[in-house]
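Visitor: Handing you this structure, nothing more for now.
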Amino acid sequence: MASVSVAELGGPEARRQSVWRYWRGGLRGSEFVWAAAFLVPYICVFLAFVVYPVGYGLWMGSSLHLYPELFADPIYQQTLVNTLIFLALGVNLKLFFALMLSGFFMRKGWWVKGLLMLYVLPWAVPALPSFISIHWMLNGEWGLINNAIYHIFGVDGPSWLNQRWSALGSAIYSHLWKWLPFWTVILLAGRMSISQEVYDAAEVDGATGFKRFLYITFPLLANLYLVLTLLATVFLLGDFNSIFFVTGGGPANSTHLLATLGIRNAFDMGNPPLGVAAVMSALPLLIPLVIILMRRLKAAEVHV
Amino acid sequence: MTTLTADTTSRSAPATRPMEGMRRVARRRRYLMNAGAAVISVILVVWTLIPLYNMLMVSLKPDNDIFSDHLWPPSPSVRSFWVVLTQDHWYLEHFWHQLRNSIFIAGMVTLFVLAIGTLTTFSVGRMRIKNGWLITNAALLTYLIPASFLAIPFYLIMQHYGLHNNPWSVIAAEVTFATPYAIFIFMEYGRSIPLELDESARIDGASPFQIYYKIYLPLMAPALVAVGTYAMLVAWNQYLYQFLLLSNKESMTVPVALAQFINSDIAPWNYMMATAIIYALPPIAIYYAFRRRMSSGLTMGGVKG
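Each protein sequence line maps, in turn, to chains A and B.
First residue of the first sequence? That's 1 in our numbering, and the numbers climb one at a time after it.
First residue of the second sequence? That's 305 in our numbering, and the numbers climb one at a time after it.
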């Protein structure tokens with residue numbers, strides 16, 4: 001900042017000098033050129049494939065006449081309800097079970113390790129094969145689930161994907177099945193980073209079992225849990241696969257999320273601006289989340 | 305767990321009578337805990353395996369058994385897999401070509417993510433270029449934008465560029481969304497490498513590119529493996545952008561072809577599931593082979609929060 005006052009005193013030559021120095025910081029001339037050249041590829045990617053599409057999208061979604069049309073659409077209204085339900089159930093169930101199961105996987109023994117290897121399988125399998133398998137498995141007439149219900153109870157099961165709520169539930173189930181291992185592993189790492197000494201000290205003071213979880217583990221994990229909740233919300237908001245493959249938005253477009261509705265409006269209906277408008281209506285939720293997360297993640301970076 | 309309870313009981317050694325009772329309570333509690341753990345384990349195994357079992361079961365069904373109520377085909381056969389590998393069905397005419405496209409895209413994405421990620425973090429983290437935090441923040445921001453939200457403008461832009469049905473459009477998209485994670489992990493990992501190494505090489509007259517190539521990259525090898533695996537899996541598994549951008553016979557990849565007939569009633573489900581398993585095997589193998597290194601990278605990213 002001192003260079004600014006020098007620049008004000010000196011002529012244009014001195015100013016150019018100090019601006020140059022300001023930008024190159026502690027690096028020598030040729031090194032600065034190298035360092036800047038190394039940044040060129042990512043800056044190009046960022047400008048061409050992030051800034052340009054974001055700007056283009058904002059421009060497309062900026063004409064205000066789109067929104068009355070969008071909000072009047074009953075499919076959009078249903079989609080909004082679906083998205084909120086999907087967020088509330090998906091994020092909270094996922095993280096709650098991940099927190100509990102991470103405690104389970106802290107147990108010692110070879111078979112717990114083996115079980116963990118098996119348990120992370122859904123995360124290792126690509127989304128598409130699993131989700132089309134779930135789609136077929138839930139088929140009302142020929143699916144595995146209803147066949148099993150028929151064999152065991154002798155009755156015909158419901159046609160899961162032909163009613164709005166059971167279809168939405170199926171999509172949430174698929175999402176949980178696919179992503180629970182990922183969040184469990186992260187929370188498991190969080191639990192492992194709590195030192196044994198803390199637990200030993202708590203043990204002496206009589207905190208065991210549930211008390212230990214309530215007064216030691218959870219307070220120490222609370223910050224991580226909060227950040228993961230926000231992160232999971234952002235990721236889930238952009239989830240496309242678990243709706244697209246499992247319910248396909250059906251029956252009668254009643255189980256869309258904003259992300260899949262955007263694609264449907266843009267490509268099936270041939271109205272890209274309306275698709276962008278559907279996606280952009282998530283911004284009032286997305287932008288605060290991103291701002292909070294940026295601060296949290298950055299603060300964490302500075303501390304280390 | 306068990307050693308800890310043993311510890312506390314031995315500490316209250318003098319009173320023998322209550323100790324007996326405590327031991328019995330502790331033993332009963334341990335039995336209950338173990339029984340509970342066994343129940344949870346069974347639930348987890350069933351929960352995890354059902355969709356995968358379904359995948360395998362359907363793929364082993366012969367053609368005339370797809371629409372039946374068997375829980376396991378009476379005469380399982382691996383013929384579907386053979387049909388896929390020999391492209392012996394109209395639905396699978398271009399299977400090998402599609403597989404080649406998928407491999408090409410995954411390879412290129414991995415290469416570009418590693419190259420762009422290391423160059424960026426070398427400049428920001430090692431050479432400490434001024435205002436480098438702007439770049440890492442921009443990357444973090446990109447990480448938080450859902451990829452599916454950008455799909456529509458991205459598609460239109462690729463049409464403008466004339467890159468529709470060109471694998472490079474998908475490579476560009478996947479590099480864009482995988483590089484931020486690479487930058488994040490490389491920055492974190494790079495902190496463990498002492499800056500003095502670069503310093504001494506510089507005094508010996510090494511140019512920045514030599515330091516990057518001969519010191520930085522070899523020392524970053526574990527992080528390169530972790531991020532490379534991640535990028536490869538992202539590129540292989542990604543669906544939406546491949547679906548939107550690659551629609552003709554020439555450019556189509558395996559996942560796009562696989563999902564084509566999901567909503568049709570006459571879909572050859574046994575062939576689809578066989579294709580799905582073949583498509584899923586490479587990422588599973590890579591995942592388990594590199595699991596330890598990947599999850600250490602992941603937890604670096606995850607626990608940072």
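For each residue, glycine too, the CB sits at the ideal point set by N, CA and C.
(1) Cβ of histidine 175 of chain A less than 8 Å from any chain B Cβ?
(2) Out of curiosity, what's the CA-to-CA distance linking arginine 596 of chain B and isoleucine 243 of chain A?
(3) Taking C-beta pairs closer than 7 Å, name the residues in chain D that threonine 483 of chain B reaches, listed in chain order.
(4) Residues in the region 143 to 166 of chain A with C-beta within 9 Å of chain B's C-beta atoms, listed in sequence order?
(5) Do threonine 83 of chain A and alanine 167 of chain A have their C-beta atoms closer together than 8 Å?
(6) Please classify glycine 509 of chain B: is it buried, with 16 or more other beta-carbons within 10 angstroms of its beta-carbon, or exposed?
(7) Excluding five sequence neighbours on each side, which residues of the same chain lie with their C-beta closer than 7 Å to the C-beta of alanine 571 of chain B?
(8) Give a yes or no on whether 8 Å exceeds the smallest Cβ distance from glycine 90 of chain A to chain B.
(9) Mapping the DSSP letters down to three states, classify tyrosine 543 of chain B as helix, strand or coil.
(10) State the Cα-Cα distance for the pair aspartate 502 of chain B and leucine 27 of chain A, rounded to the nearest angstrom.
(11) Under 8 Å Cβ-Cβ, which residues of chain B neighbour methionine 294 of chain A?
(12) Report buried or exposed for methionine 100 of chain A, applying the criterion of at least 16 other Cβ atoms within 10 angstroms of its Cβ.
(13) Runs of 3 residues minimum, wholly inside the region 523 to 572 of chain B: which ones carry the beta strand (DSSP E) assignment?
(14) Among A:Asn139, A:Thr260, A:Ala124, which has the Cα closest to the Cα of tyrosine 592 of chain B?
(15) Taking DSSP as the reference, what is the three-state secondary structure of serine 242 of chain A?
(16) If you run the structure through DSSP and keep just helix, strand and coil, what is threonine 79 of chain A?
(17) Note the first and the last residue of the continuous alpha helix (DSSP H) segment covering glutamate 492 of chain B.
(18) Please compile the residues from chain A whose C-beta is within a distance smaller than 9 Å of the C-beta of asparagine 358 of chain B.
(19) What residues from chain B crowd round glycine 57 of chain A, counting only those whose CB sits closer than 8 Å?
(20) Would a check of beta-carbon distances place phenylalanine 96 of chain A closer than 8 Å to chain B?
(21) Return helix, strand or coil for histidine 175 of chain A, following the three-state DSSP convention.
(22) Do you know how far the Cα of arginine 164 of chain A is from the Cα of glutamine 78 of chain A?
(23) Would a check of beta-carbon distances place proline 380 of chain B closer than 8 Å to chain A?
(24) Just verifying my parser: in three-state terms, what is the DSSP assignment at glutamate 69 of chain A?
(25) In this structure, how does DSSP classify isoleucine 433 of chain B when only helix, strand and coil are distinguished?
(26) My parser needs the alpha helix (DSSP H) runs of 4 or more residues fully inside the region 131 to 214 of chain A; what are they?
(27) Does the contact criterion of 3 or more C-beta pairs under 8 Å hold for the region 575 to 592 of chain B versus the region 127 to 142 of chain A?
(28) Could you tell me whether any Cβ in chain B is nearer than 8 Å to the Cβ of serine 254 of chain A?
(29) In whole angstroms, what separates the C-alpha of proline 307 of chain A from that of alanine 202 of chain A?
(30) Do threonine 483 of chain B and valine 45 of chain A come within 8 Å of each other at the CB atom, strictly closer than that value?
(31) Going by Cα to Cα distance, which pick from B:Tyr516, B:Ala561, B:Lys553, B:Met361 is closest to tryptophan 34 of chain A?
(32) With 8 Å as the threshold, decide whether the Cβ of tryptophan 573 of chain B is near any Cβ in chain A.
(33) At a Cβ threshold of 8 Å, is asparagine 271 of chain A touching chain B?
(34) When you compare the CB of methionine 576 of chain B with every CB in chain A, is at least one pair closer than 8 Å?
(35) Would valine 558 of chain B pass as a contact of leucine 403 of chain B if the rule is Cβ separation under 8 Å?
Guide: Reading it off the structure:
(1) The residue given as residue 175 of chain A occupies position 175 in the first sequence. For histidine 175 of chain A, not one C-beta of chain B is nearer than 8 Å to its own C-beta.
(2) Here residue 596 of chain B refers to the residue found at position 292 when the second sequence is read from its first residue. Here residue 243 of chain A refers to the residue found at position 243 when the first sequence is read from its first residue. For arginine 596 of chain B and isoleucine 243 of chain A, the distance between alpha carbons rounds to 31 Å.
(3) Note that chain D does not occur in the displayed structure, where the protein chains are A and B.
(4) Listed by position along the chain: Gly143, Leu144, Ile145, Asn146, Asn147, Ala148, Tyr150, His151.
(5) The count along the first sequence starts at 1 and reaches residue 83 of chain A at position 83. The count along the first sequence starts at 1 and reaches residue 167 of chain A at position 167. For threonine 83 of chain A and alanine 167 of chain A, no; Cβs fall outside 8 Å.
(6) For the purposes of this step, residue 509 of chain B is taken as residue 205 along the second sequence, with counting starting at 1. By the 10 Å Cβ count, glycine 509 of chain B comes out exposed.
(7) Within the second sequence, numbered from 1, the residue matching residue 571 of chain B stands at position 267. Taken in chain order, the residues that qualify are Phe565.
(8) Position 90 of the first sequence holds residue 90 of chain A. False, the Cβ-Cβ gap to chain B never drops below 8 Å.
(9) Along the second sequence, one-based indexing puts residue 543 of chain B at 239. Of the three classes helix, strand and coil, the one that applies to tyrosine 543 of chain B here is coil, per DSSP.
(10) Within the second sequence, numbered from 1, the residue matching residue 502 of chain B stands at position 198. Within the first sequence, numbered from 1, the residue matching residue 27 of chain A stands at position 27. Rounded to whole angstroms, aspartate 502 of chain B to leucine 27 of chain A spans 13 Å at the Cα level.
(11) Residue 294 of chain A sits at position 294 when you count from the first residue of the first sequence. Correct list: Asn441, Leu444, Leu445, Leu448.
(12) As a first step, residue 100 of chain A is located in the first sequence; it is residue number 100 there, counting from the start. Exposed is the call here.
(13) Listed in chain order, there is nothing to give.
(14) For the purposes of this step, residue 592 of chain B is taken as residue 288 along the second sequence, with counting starting at 1. The candidate whose alpha carbon is nearest that of tyrosine 592 of chain B is A:Ala124.
(15) As a position in the first sequence, residue 242 of chain A is number 242, starting the count at 1. Three-state DSSP puts serine 242 of chain A in a helix.
(16) By 1-based counting over the first sequence, the position of residue 79 of chain A is 79. Correct three-state label for threonine 79 of chain A: helix.
(17) As a working mapping, residue 492 of chain B is identified with position 188 in the second sequence. Where glutamate 492 of chain B is concerned, the enclosing alpha helix (DSSP H) stretches over 471 to 494.
(18) Numbered from 1 along the second sequence, position 54 holds the residue referred to as residue 358 of chain B. Against asparagine 358 of chain B, the close residues of chain A are Ser133, Ile134, Trp136, Met137, Gly143, Leu144, Ile145, in the order they occur along the chain (beta-carbon pairs closer than 9 Å).
(19) As a position in the first sequence, residue 57 of chain A is number 57, starting the count at 1. Under the 8 Å cutoff, chain B gives Phe453, Leu454, Ile456, Pro457.
(20) Along the first sequence, one-based indexing puts residue 96 of chain A at 96. No, because no Cβ of chain B sits closer than 8 Å to the Cβ of phenylalanine 96 of chain A.
(21) On the first sequence, residue 175 of chain A is found 175 positions in, with the first residue counted as 1. Residue state, collapsed to three classes: helix.
(22) As a working mapping, residue 78 of chain A is identified with position 78 in the first sequence. As a working mapping, residue 164 of chain A is identified with position 164 in the first sequence. Between glutamine 78 of chain A and arginine 164 of chain A, the C-alpha separation is close to 10 Å.
(23) Here the question's residue 380 of chain B lines up with position 76 in the second sequence. No, proline 380 of chain B lies away from the interface with chain A (no Cβ there is under 8 Å from its Cβ).
(24) What you label residue 69 of chain A is simply residue 69 of the first sequence in a count that begins at 1. Glutamate 69 of chain A falls in the helix class under three-state DSSP.
(25) As a working note, residue 433 of chain B is residue 129 in the second sequence. Here isoleucine 433 of chain B sits in coil by DSSP.
(26) 144 to 153, 164 to 192, 196 to 204, 209 to 212
(27) yes
(28) Taking the first residue of the first sequence as position 1, residue 254 of chain A is located at position 254. It does not: the Cβ of serine 254 of chain A has no partner Cβ on chain B nearer than 8 Å.
(29) Here chain A has residues from 1 to 304 only, and residue 307 of chain A is not among them.
(30) Here residue 45 of chain A refers to the residue found at position 45 when the first sequence is read from its first residue. Here residue 483 of chain B refers to the residue found at position 179 when the second sequence is read from its first residue. Yes, these two residues count as a Cβ contact at 8 Å.
(31) Along the first sequence, read from residue 1 onward, the residue named residue 34 of chain A stands at position 34. Ranking B:Tyr516, B:Ala561, B:Lys553, B:Met361 by Cα distance to tryptophan 34 of chain A puts B:Tyr516 first.
(32) Within the second sequence, numbered from 1, the residue matching residue 573 of chain B stands at position 269. Chain A contact via Cβ: present.
(33) Translated into positions along the first sequence, residue 271 of chain A becomes position 271. So, not an interface residue.
(34) In the second sequence, residue 576 of chain B corresponds to position 272, counting from 1. So yes, methionine 576 of chain B belongs to the interface.
(35) Along the second sequence, read from residue 1 onward, the residue named residue 558 of chain B stands at position 254. Along the second sequence, read from residue 1 onward, the residue named residue 403 of chain B stands at position 99. In this structure, leucine 403 of chain B lies closer than 8 Å to valine 558 of chain B by Cβ.
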